[in-house]
Amino acid sequence: MLIFRICSKEELQQLFIDKNDMGKKIENREYLCFFKNKEAATYLCDAKNCFVCTYDVPNYFLFKQEECKLDVDILKLNYLQKVEKIDEKSNFKMVYFNNALNKYSKQTNNNNIEKIYNILMDNKIVEAINNNFEELLNLIPELKFIVGFEHKHPHHHLDIWNHTLYALSLSELDFDVRLSLLLHDIGKPFVCTEQDGIRHFHNHPKVSADMSYKILNRLGFKEEYVKKIYYLIEKHDTEIIENDIDNDFNLIVTLYLIQKCDALAHNPQKLEKRKAYLLTTKNLILKNKT
Numbered sequence: 002m003l004i005f006r007i008c009s010k011e012e013l014q015q016l017f018i019d020k021n022d023m024g025k026k027i028e029n030r031e032y033l034c035f036f037k038n039k040e041a042a043t044y045l046c047d048a049k050n051c052f053v054c055t056y057d058v059p060n061y062f063l064f065k066q067e068e069c070k071l072d073v074d075i076l077k078l079n080y081l082q083k084v085e086k087i088d089e090k091s092n093f094k095m096v097y098f099n100n101a102l103n104k105y106s107k108q109t110n111n112n113n114i115e116k117i118y119n120i121l122m123d124n125k126i127v128e129a130i131n132n133n134f135e136e137l138l139n140l141i142p143e144l145k146f147i148v149g150f151e152h153k154h155p156h157h158h159l160d161i162w163n164h165t166l167y168a169l170s171l172s173e174l175d176f177d178v179r180l181s182l183l184l185h186d187i188g189k190p191f192v193c194t195e196q197d198g199i200r201h202f203h204n205h206p207k208v209s210a211d212m213s214y215k216i217l218n219r220l221g222f223k224e225e226y227v228k229k230i231y232y233l234i235e236k237h238d239t240e241i242i243e244n245d246i247d248n249d250f251n252l253i254v255t256l257y258l259i260q261k262c263d264a265l266a267h268n269p270q271k272l273e274k275r276k277a278y279l280l281t282t283k284n285l286i287l288k289n290k291t
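Numbering-wise (my numbering), the sequence shown opens with residue 2 and increments by one.
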């Protein structure tokens, strides 16, 4: 049982000072506190401005009073996806915060995935990465190899890292898209060859996918999800055909969004063919939508 109470650390510590060993079960994180104790849950959800979340099925928060309000800025957790509705039986307002991490992580409370999710799902994605750059490198040290690594190719006007950031800046608020974009070129330095001053990166999607597979497993992502991201990275430079769309429409839409951000982050003077491909592929997807 996971409980959230909007209050200061001091208030919470005082609240549970006489509750046996409950104080020892409090993990303070700014204004966010965790309780993994059913008795604490029962006690706390009776207080004002409290709500309950269970990490088991179902994952949701329930307001005990209809007029309670939640200050989302205090929580600062991007992975809590808010949905509201009125419970027909009790007439209480129910606020669901689906824990998005559950579908990604092998275990609950995976701090590595939580950190990556909160960075990548920030509305100001580039600023969030720059502000948390050292932490991101601690989680994915392989990223350091693409920082400052020049493409030296007429179709690129940015180094690999800044191309990655530019692609991310063009992305929608979608974790699959953003995680794939973060890692999509991570293998380029390891396949780089140079001829007549121009660099080539043959087979980099496969190498990047292989590296990403190891990285995501190390971080604790579920195997099924790792395989999904592997596919998206491996195919990010592969033309989408109608048969792909028929096999898995939603997956191919995600792949298209990745390809779009990647393509538009190339040299602006070399985008004509890429834009034509994106338009053709978009029309193909729309044609097969039904």
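Positions of the beta carbon are idealized from the N, C-alpha and C atoms, including for glycine.
Close Cβ partners of residue i (< 8 Å) along its chain, the five nearest in sequence each way excluded
i      : result
Tyr226 : Lys104, Tyr105 and Leu217
Ala264 : Leu272, Arg275, Lys276, Tyr278 and Leu279
Pro269 : His158
Leu182 : Thr165, Ala168, Leu169, Ser172, Ile259, Cys262 and Asp263
Ile253 : Ile241, Asp245, Ile246 and Ile286
Gly149 : Asp160 and Trp162
Ile199 : Lys153, His154 and Pro155
Ala133 : The identity of residue 133 in the sequence shown is Asn, whereas the question assumes Ala. These residues qualify, in order along the chain: Lys116 and Ile120.
Lys145 : Leu138
Whether residue i touches residue j by CB criterion (9 Å)
i      : j      : result
Gly221 : Lys207 : no
Leu256 : Leu180 : no
His267 : His158 : yes
Thr165 : Ile147 : yes
Ser209 : Glu235 : yes
DSSP-derived helix/strand/coil call for residue i
i      : result
His201 : strand
Lys283 : helix
Ser294 : Nothing about residue 294 can be read from this structure; the chain reaches only from 2 to 291.
Phe150 : coil
Glu240 : coil
Gln108 : coil
Residue of the options minimising C-alpha distance to residue i
i      : options                           : result
His237 : Pro269, Cys262 and Leu137         : Cys262
Asn251 : Lys145, Ile286, Leu169 and Glu195 : Ile286
Leu169 : Glu128, Leu102, Ile242 and Tyr232 : Glu128
Asn163 : His201, Glu173, Asn119 and Ile126 : Ile126
Asn204 : Thr239, Phe176, Asn113 and Lys228 : Thr239
Glu136 : Pro190, Thr194 and Asn113         : Asn113
Leu138 : Asp123, Lys153 and Lys116         : Lys116
Pro190 : Lys107, Asn131 and Glu143         : Glu143
Tyr118 : Gly149, Asn248, His152 and Asp175 : Asp175
Met212 : Ile199, Lys228, Asp197 and Gly198 : Lys228
Leu233 : Thr282, Thr194 and Asp177         : Asp177
Asn111 : Gly149, Asp197, Thr281 and Arg219 : Arg219
Close-in-space but distant-in-sequence residues of the same chain around residue i (CB under 6 Å, 5 per side omitted)
i      : result
Asn289 : Ile246
Thr194 : His201
Tyr231 : Ala210 and Tyr214
Asp123 : Ala129
Same chain only: Cβ atoms within 7 Å of residue i, ignoring 5 sequence neighbours per side
i      : result
Val192 : Phe202, His203, Asn204, His205 and Val208
Thr282 : Ile241 and Tyr257
Leu102 : Tyr80, Asn111, Ile114, Glu115 and Tyr118
Ile130 : Ile120, Leu137 and Leu166
The ligand MN heavy atom lying under 8 Å from the CB of residue i
i      : result
Leu265 : This structure does not include the ligand MN; it has no bound ligands of any sort.
Supposed contact pair residue j and residue i - C-beta distance, whole angstroms, cut 8 Å
i      : j      : result
Lys223 : Lys107 : 5 Å
His152 : Ile161 : 6 Å
Below-9 Å beta-carbon distance, residue i vs any chain B residue
i      : result
Asn284 : The structure shown contains no chain B; it is built from a single protein chain.
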